[in-house]
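Participant:
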Amino acid sequence: MTEHDERQIRDALKQSFPPVNAELGRDLWPEVLLRLDARPVKVPWYDWVMACLSVIMFLAFPRLVFVFAYHL
Amino acid sequence: MDLLQRFALGEIDAFETLVRQFQGDIYAWTVRMVRDPGAAEDLTVETLWRIYRARQQFRPDGNFGAWARRIATNLALDHLRRKRPEASLVVEPAGVQQPDRLEQQETQEQIQQAFHRLPAKLQVAAMLALVEERPYEEIAEALGTSVGAVKLRVFRAVRILRKRLRQVGIRRE
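Heads up: the sequence lines are chains S and Y, in that order.
So for the first sequence, this note's numbering puts the first residue at 457; every next one is plus one.
So for the second sequence, this note's numbering puts the first residue at 4; every next one is plus one.
1. In whole angstroms, what is the alpha-carbon distance linking L80 (chain Y) and K124 (chain Y)?
2. Do you know how far the Cα of L51 (chain Y) is from the Cα of V58 (chain Y)?
3. Grouping DSSP H, G and I as helix and E and B as strand, with all else coil, what is A90 (chain Y)?
4. Taking all protein chains shown into account, do 16 or more other C-beta atoms lie within 10 angstroms of the C-beta of H1 (chain Y), making it buried, or fewer, making it exposed?
5. Thinking just about the alpha-carbon of each residue, which of Y:A152, Y:E144, Y:A117 is nearest to the one in F420 (chain S)?
6. Just checking: is the beta-carbon of I114 (chain Y) within a distance shorter than 8 Å of some beta-carbon in chain S?
7. Mind checking the stretch 7 to 21 of chain Y against chain S and listing, in chain order, the residues whose C-beta falls within less than 7 Å of any C-beta there?
8. Give me, in chain order, the residues of the same chain whose beta-carbon lies closer than 7 Å to that of A71 (chain Y); leave out the 5 immediate sequence neighbours on both sides.
9. Give the residues of chain S in contact with T76 (chain Y), contact being defined as C-beta atoms less than 9 Å apart.
10. Can you tell me where the alpha helix (DSSP H) with A478 (chain S) in it begins and where it stops?
11. Whole angstroms are fine: how far does the CA of V37 (chain Y) sit from the CA of D467 (chain S)?
12. Looking at R182 (chain Y): is its Cβ nearer than 8 Å to the Cβ of A17 (chain Y)?
13. If you count every other CB in all the chains shown that lies within 10 Å of the CB of E140 (chain Y), and 16 or more means buried, which is it?
14. What does L164 (chain Y) reach in chain S if we use C-beta pairs closer than 9 Å?
15. Can you pull the chain Y residues whose beta carbon is under 7 Å from the beta carbon of S472 (chain S), in chain order?
16. Check whether the Cβ atoms of V150 (chain Y) and E462 (chain S) sit closer than 8 Å, and answer yes or no.
17. Taking C-beta pairs closer than 9 Å, name the residues in chain Y that D493 (chain S) reaches, listed in chain order.
18. Quick one: complete alpha helix (DSSP H) runs, 4+ long, within the stretch 20 to 79 of chain Y?
19. Between which two residues does the alpha helix (DSSP H) harbouring R530 (chain S) extend?
Pasting the structure below:
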């Protein structure tokens with residue numbers, strides 16, 4: 457493949473892909489700030505442990521559900 | 004303490020200054036690769052967010068612009084991989100068009116389609132080198148590879164394009 461081929465393909469691509477406007481028309485800082493503030497909610501590990509223990513307890517003693525419901 | 008050191012420590016004011024300084028450059032680089040201003044803006048925001056997230060990995064004596072471009076290039080590559088080549092829409096032109104113009108339009112569409120079917124890494128190398136005429140050293144730095152590797156990607160892209168265009172009957176003298 458020759459330089460001639462590369463030149464032909466380059467010319468063909470330049471005709472098919474018109475120049476893009478590379479100028480940024482606005483300030484993106486506000487959007488970046490929004491992304492930074494949108495932190496994912498982190499659940500502490502002990503909350504997960506409590507949740508698991510609760511599920512095990514209700515599966516082992518189903519009637520406890522009614523006891524809790526009464527007191528809530 | 005200088006700006007980059009403060010940024011590496013997580014100072015948001017320092018990061019804001021860097022964003023305002025480099026967002027134009029990152030956008031210009033990205034839009035040259037993806038050719039879509041809306042997508043380029045989204046990718047620029049994503050790049051800046053990832054830059055902040057990775058701030059502790061940045062050496063304050065390093066080249067911030069080059070590092071930012073590398074992140075932007077990787078995001079552009081992901082974007083191009085996810086984007087599927089669009090099927091060409093046959094739009095009936097209003098009125099009568101010159102046959103030459105129609106043929107030219109069809110040829111351009113076929114070239115675009117053939118280009119978008121290239122692997123993303125070849126697309127980026129070919130677009131930056133052949134269309135945008137960026138220096139090979141700049142492209143190599145952004146891709147995290149050597150000048151020789153970039154030239155090889157361009158060579159492969161040209162070879163594939165030549166073959167595909169010949170298959171659809173496009174010959175250029």
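Cβ atoms here follow ideal geometry from the backbone N, Cα and C, with glycine treated the same way.
These figures come from a predicted structure and were not determined experimentally.
Facilitator: Quick answer:
1. 7 Å
2. For the record, residue 58 (chain Y) in the displayed sequence is Arg; it is not Val. If I take the Cα positions, the gap works out to 10 Å.
3. Legend: pLDDT at A90 (chain Y) = 49, less than 50; position of this residue unreliable, value from coordinates given subsequently. Three-state result, A90 (chain Y): coil.
4. The shown model of chain Y, from 4 to 176, leaves out residue 1 (chain Y), and the question about it has no answer.
5. It is not possible to answer for residue 420 (chain S), since the shown part of chain S is limited to 457 through 528.
6. yes
7. E19
8. F25, I29, T50, I54
9. Near T76 (chain Y) there are no residues of chain S at all, since even the closest Cβ is about 15 Å away, more than 9 Å.
10. That residue, A478 (chain S), is in no alpha helix (DSSP H); it is neither H nor E in DSSP.
11. 19 Å
12. Absent from the structure is residue 182 (chain Y), since the part of chain Y shown begins at 4 and ends at 176.
13. exposed
14. I465, A468, L469
15. Q111, I114, Q115
16. no
17. None at all; the shortest Cβ gap to chain Y is about 10 Å.
18. 40 to 56
19. The first residue shown for chain S is 457 and the last is 528, placing residue 530 (chain S) beyond what the model contains.
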